[in-house]
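Sequence order for the protein chains is S and X.
For the first sequence, this note's numbering gives the first residue as 50, with consecutive numbering after it.
For the second sequence, this note's numbering gives the first residue as 50, with consecutive numbering after it.
The C-beta atom is built at its ideal place from N, Cα and C for all residues, glycine as well.
Protein chains: 2
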Amino acid sequence: MPSVTYELLAICPHTGARRGRLTTPHGKVETPAFMPVGTQGTVKGIGSEDLEAMGFELVLSNTYHLSLRPGSERVERLGGLHKLMDWAGSILTDSGGYQVMSLSDMRRLNDEGVWFKSHLDGSEHFLSPERSIEIQGQLGVDMSMCLDECPPYPCTREEAARAMQRTHLWAPRNLAARREGQAVFGIVQGGVHEDLRQESAQLMASLPFEGYAIGGVSVGEPTEMQYPVVKFAAPLLPKEKVRYLMGVGHPQDILHAVGCGVDLFDCVLPTRMARHATLYTLNGRVNVLNKKWEEHMGPHDPASLFPPVDRYSAAYIRHLFKAKEMLGQRLATLHNVSFYARLMAEIRQAIEHGTWPELQQRYARA
Amino acid sequence: MPSVTYELLAICPHTGARRGRLTTPHGKVETPAFMPVGTQGTVKGIGSEDLEAMGFELVLSNTYHLSLRPGSERVERLGGLHKLMDWAGSILTDSGGYQVMSLSDMRRLNDEGVWFKSHLDGSEHFLSPERSIEIQGQLGVDMSMCLDECPPYPCTREEAARAMQRTHLWAPRNLAARREGQAVFGIVQGGVHEDLRQESAQLMASLPFEGYAIGGVSVGEPTEMQYPVVKFAAPLLPKEKVRYLMGVGHPQDILHAVGCGVDLFDCVLPTRMARHATLYTLNGRVNVLNKKWEEHMGPHDPASLFPPVDRYSAAYIRHLFKAKEMLGQRLATLHNVSFYARLMAEIRQAIEHGTWPELQQRYARA
Chain S
50 MPSVTYELLA
60 ICPHTGARRG
70 RLTTPHGKVE
80 TPAFMPVGTQ
90 GTVKGIGSED
100 LEAMGFELVL
110 SNTYHLSLRP
120 GSERVERLGG
130 LHKLMDWAGS
140 ILTDSGGYQV
150 MSLSDMRRLN
160 DEGVWFKSHL
170 DGSEHFLSPE
180 RSIEIQGQLG
190 VDMSMCLDEC
200 PPYPCTREEA
210 ARAMQRTHLW
220 APRNLAARRE
230 GQAVFGIVQG
240 GVHEDLRQES
250 AQLMASLPFE
260 GYAIGGVSVG
270 EPTEMQYPVV
280 KFAAPLLPKE
290 KVRYLMGVGH
300 PQDILHAVGC
310 GVDLFDCVLP
320 TRMARHATLY
330 TLNGRVNVLN
340 KKWEEHMGPH
350 DPASLFPPVD
360 RYSAAYIRHL
370 FKAKEMLGQR
380 LATLHNVSFY
390 ARLMAEIRQA
400 IEHGTWPELQ
410 QRYARA
Chain X
50 MPSVTYELLA
60 ICPHTGARRG
70 RLTTPHGKVE
80 TPAFMPVGTQ
90 GTVKGIGSED
100 LEAMGFELVL
110 SNTYHLSLRP
120 GSERVERLGG
130 LHKLMDWAGS
140 ILTDSGGYQV
150 MSLSDMRRLN
160 DEGVWFKSHL
170 DGSEHFLSPE
180 RSIEIQGQLG
190 VDMSMCLDEC
200 PPYPCTREEA
210 ARAMQRTHLW
220 APRNLAARRE
230 GQAVFGIVQG
240 GVHEDLRQES
250 AQLMASLPFE
260 GYAIGGVSVG
270 EPTEMQYPVV
280 KFAAPLLPKE
290 KVRYLMGVGH
300 PQDILHAVGC
310 GVDLFDCVLP
320 TRMARHATLY
330 TLNGRVNVLN
340 KKWEEHMGPH
350 DPASLFPPVD
360 RYSAAYIRHL
370 FKAKEMLGQR
380 LATLHNVSFY
390 ARLMAEIRQA
400 IEHGTWPELQ
410 QRYARA
């Protein structure tokens with residue numbers, strides 16, 4: 050019996066959207082779900098008590114960052130990442146590959162793995178499928194991602210194909226490195242090329258992964274480029290497993306992908322935008338520093354009120370950002386992450402109740 | 050009927066410590082009480098919901114900062130500082146004088162007032178007793194402090210006497226500038242000189258202030274220098290009014306001053322120390338970055354546990370500080386401010402129950 054299972058509960062009558070439920074060693078996760086990003090074992094500025102209050106069941110954390118600090122061997126000695134964060138819900142980690150290729154000083158990449166220098170202290174490290182799965186096992190998370198090669202954007206068809214082939218070469222090595230009961234998700238590559246995505250999905254589906262991700266979609270390309278790729282790539286993934294679109298996205302991007310049959314999302318946008326003074330609302334994104342909020346004692350959007358932020362006025366939040374007070378970043382983060390929690394709850398409801406068109410209408414400007 | 054009244058409930062049988070109750074337009078404040086410092090209309094990193102959860106009834110905010118940003122005229126248009134912060138408890142503001150003299154580029158100081166340039170944008174401003182009381186009236190706080198002249202440390206007896214004389218000159222001007230119902234506290238100066246303190250206390254007591262502060266004690270001098278000054282200055286203040294020791298201090302300093310008959314305190318130490326990785330505990334101050342906490346899955350001090358911080362281990366909090374995650378500063382701030390809330394609650398209990406010696410024992414290393 051695999052430690053992570055997916056149950057399909059309903060399909061939207063208007064789109065291919067799936068209402069489902071993941072069961073992990075740490076409980077249930079109602080899908081479609083958004084994972085707040087806790088890069089270094091914390092969603093910036095907010096604690097596990099806040100995530101619980103917002104109703105999250107699953108968060109994402111970053112293998113690259115945690116393996117460098119505090120170190121995965123240490124996290125394992127301390128009882129695992131759940132215990133360290135005191136988080137009773139589920140955790141998914143990425144493989145570390147994307148950060149190695151984007152943040153670190155990458156020294157060499159070949160079929161064996163990737164050699165890199167830490168962005169923290171320049172120390173030398175090695176990441177391979179085996180090592181990535183080992184680190185994620187040490188962290189003790191519920192869902193591990195396989196190490197893939199994610200080509201940069203833009204890239205030629207040849208580069209996309211080569212990255213895909215290495216991802217395929219690595220796939221069984223990821224699986225072979227699993228601990229007893231460790232759930233690992235496969236990643237489908239192939240860039241913007243339908244035939245490559247098809248080939249990649251077929252190869253991955255033939256291997257016993259507990260879930261499948263669409264990789265290489267959110268790596269710097271314009272948002273509108275993603276849509277056709279998601280549209281043809283999502284239905285290629287096995288129906289009986291959970292489907293995860295990595296690194297996506299704005300509310301509109303998530304709505305589109307859910308409509309294509311995707312179940313899981315993660316993205317730094319709500320937290321990063323919050324720290325940069327931008328709130329998501331049903332009326333579109335709002336810059337809290339805008340002069341129009343200077344003496345506005347109401348909320349930015351009366352239809353987007355989330356505790357404990359909703360007690361504060363737009364004027365107060367603008368003041369906090371102007372005064373560079375960290376409470377401003379905290380409140381904005383709580384607002385945006387709550388906005389995403391509500392978005393996903395309403396997506397799940399709309400699939401169940403057959404009210405997808407009304408939902409799309411409601412989020413048309415978000 | 051003055052808007053702020055003080056009721057003396059009990060006197061400690063072991064010391065001169067007073068158990069009392071302030072009544073303000075925003076409710077009751079059990080004393081002795083510590084006021085967390087919300088310099089710019091927020092206690093750094095924590096919201097009104099956190100202050101409520103910790104049981105605070107009174108906070109301090111800074112006239113100098115708020116008058117420059119967002120501006121006291123604006124705060125008044127917005128309904129006052131309580132409404133801006135959404136804080137239902139009481140607020141006391143300082144006069145702004147101390148910050149003008151320590152933070153700004155002070156241009157000229159004479160009997161009329163003080164001309165200075167803002168530390169934010171270099172703009173020119175003027176502060177006088179009348180203007181300070183006007184600003185505090187615009188902020189709409191429960192208790193305003195009179196503008197005094199606070200001499201630097203160290204200073205000669207002559208300098209202390211001159212500052213005291215200007216403070217006396219300004220005292221009635223502060224009172225004359227009050228709005229209907231605005232409660233103003235007088236400040237006793239006189240440095241380390243008993244006769245000057247006596248003279249100052251007498252002059253101030255002759256004026257209809259709603260409370261009295263011991264000024265010029267915490268302005269850079271070593272902590273042990275404060276004790277004799279507090280010891281002879283506190284009993285000089287009117288018994289029927291609340292007594293406030295400005296800018297003090299560590300738990301030991303507060304215990305000493307309460308024993309001398311002081312009722313109110315404010316200090317940036319618990320919040321500033323927290324941001325600099327130092328926690329107050331019953332076992333003394335703790336540096337959360339110390340290597341000994343690296344794999345310590347328990348708390349720093351099992352006798353100092355405060356929600357929501359108490360769910361996290363010393364190892365996690367060290368990791369957050371190492372990784373420069375703002376959750377670390379928030380949790381440390383909540384810990385220290387909670388430590389002070391408990392200290393004051395236990396002080397009030399000890400006075401009521403006659404258990405001061407046990408209390409002193411308990412906090413001997415704090």
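(request) Out of X:W342, X:P300 and X:A364, point me to the one whose CA is closest to X:A413's CA. (result) X:P300
(message) Which runs of the beta strand (DSSP E) at least 3 residues long sit entirely within the segment 89–170 of chain S? Give them in chain order.
(response) 107–110, 139–142, 154–158 and 163–166
(request) Mind reading off the beta-carbon distance from S:A220 to S:C195? Whole number of angstroms is fine, and I expect it under 8 Å. (result) 6 Å
(request) Determine the extent of the alpha helix (DSSP H) in which X:R391 is found, giving its start and end residues. (result) M375 to H402
(request) Leaving out five residues on either side along the sequence, give the residues of the same chain with a beta carbon under 6 Å from the beta carbon of S:R157. (result) W164
(message) Counting C-beta neighbours from all protein chains within 10 Å, is the total for S:A283 16 or more, i.e. buried, or is it exposed?
(response) buried
(message) Let's test the definition: count the other Cβ atoms within 10 Å of the Cβ of X:T88 and tell me whether it reaches 16, buried, or not, exposed.
(response) Taking a 10 Å sphere around the C-beta of X:T88, we find 16 or more other C-beta atoms and assign the residue as buried.
(message) So the candidates are S:Y293, S:R334 and S:K373; which of them puts its Cα closest to the Cα of S:L71?
(response) S:Y293
(request) With a threshold of 16 other CB atoms inside 10 Å of the CB of S:R228, please say whether the residue is buried or exposed. (result) exposed
(message) Please state whether the Cβ-Cβ distance between X:G146 and X:L176 is less than 8 Å.
(response) Cβ distance < 8 Å, so X:G146 and X:L176 count as in contact.
(request) Go through its chain and collect everything with a Cβ distance to X:L117's Cβ below 6 Å, but skip five positions before and after it. (result) S167 and L169
(request) Measure the alpha-carbon distance for S:W136 versus X:T327 and round it to whole angstroms. (result) Rounded to whole angstroms, S:W136 to X:T327 spans 25 Å at the Cα level.
(request) Just the chain S side, please: which residues come within less than 9 Å of X:P85 by C-beta, in chain order? (result) Going along chain S, no residue has its Cβ under 9 Å from X:P85, so there is no contact; the nearest lies around 13 Å.
(request) Within the same chain, show all residues whose beta-carbon is closer than 8 Å to that of X:C204, passing over the 5 residues directly before and after it, in chain order. (result) A212 and G240
(message) Suppose contacts are defined by Cβ-Cβ distances below 8 Å. Is S:E198 in contact with S:T216 by that definition?
(response) Closer than 8 Å, so yes.
(request) Quick one: list the residues of chain S neighbouring X:Q89, beta-carbon separation under 7 Å, in chain order. (result) Those are A372 and E374, listed as they occur along chain S.
(message) As a quick exercise: from X:G230, X:Q187 and X:Y113, pick the residue whose alpha carbon is nearest that of X:P74.
(response) X:G230
(request) Please report the Cβ distance between X:M192 and X:F258, rounded to the nearest whole angstrom; I am assuming they are in contact, meaning their Cβ atoms lie under 8 Å. (result) Not quite, the Cβ-Cβ distance comes to about 10 Å (not below 8 Å), so this is no contact.
(message) For a test of the three-state rule: what should DSSP assign to X:T320, helix, strand or coil?
(response) helix
(request) Please say whether S:M103 and X:G94 have beta carbons closer to each other than 8 Å? (result) no
(request) Hey, could you find the ends of the beta strand (DSSP E) S:L58 is sitting in? (result) Looking at the DSSP string, the run of the beta strand (DSSP E) that includes S:L58 is T54 to I60.
(request) Output, in chain order, the set of chain X residues within a Cβ distance shorter than 8 Å of S:E125. (result) Going along chain X, no residue has its Cβ under 8 Å from S:E125, so there is no contact; the nearest lies around 11 Å.
(message) Suppose contacts are defined by Cβ-Cβ distances below 8 Å. Is X:K280 in contact with X:C309 by that definition?
(response) yes
(message) Please list the terminal residues of the continuous alpha helix (DSSP H) segment that includes S:H174.
(response) Counting along the chain, S:H174 falls outside any alpha helix (DSSP H), though it belongs to the beta strand (DSSP E) covering E173 to L176.
(message) In whole angstroms, give me the CA-to-CA distance for X:R321 and X:L380.
(response) 13 Å
(request) Compare the C-alpha of S:E98 against each of X:A394, X:H368 and X:Y361 and name the closest. (result) Closest option to S:E98, Cα to Cα, is X:Y361.
(request) Pull out every residue of the segment 91–104 of chain S whose Cβ sits closer than 9 Å to any Cβ of chain X, in chain order. (result) The segment 91–104 of chain S vs chain X, Cβ under 9 Å: T91, V92, K93, G94, I95, G96, S97, E98 and D99.
(request) Please classify S:T80: does DSSP put it in a helix, a strand, or coil? (result) strand
(message) Let me confirm a value: S:H325 is counted as buried when at least 16 other C-beta atoms fall within 10 Å, else exposed. Which label applies?
(response) In summary, S:H325 is exposed, with fewer than 16 beta-carbon neighbours lying within 10 Å of its beta-carbon over all protein chains present.
(request) Just confirm the distance between the C-beta atoms of S:L152 and S:Y113, as a whole number of angstroms; I'd bet it's less than 8 Å. (result) 7 Å
(message) Less than 7 Å between C-beta atoms, sequence neighbours within five positions excluded: which residues of the same chain meet that for S:E122?
(response) Q187
(request) Determine the direct distance from the alpha carbon of X:G128 to that of X:I263, and round the result to whole angstroms. (result) 31 Å
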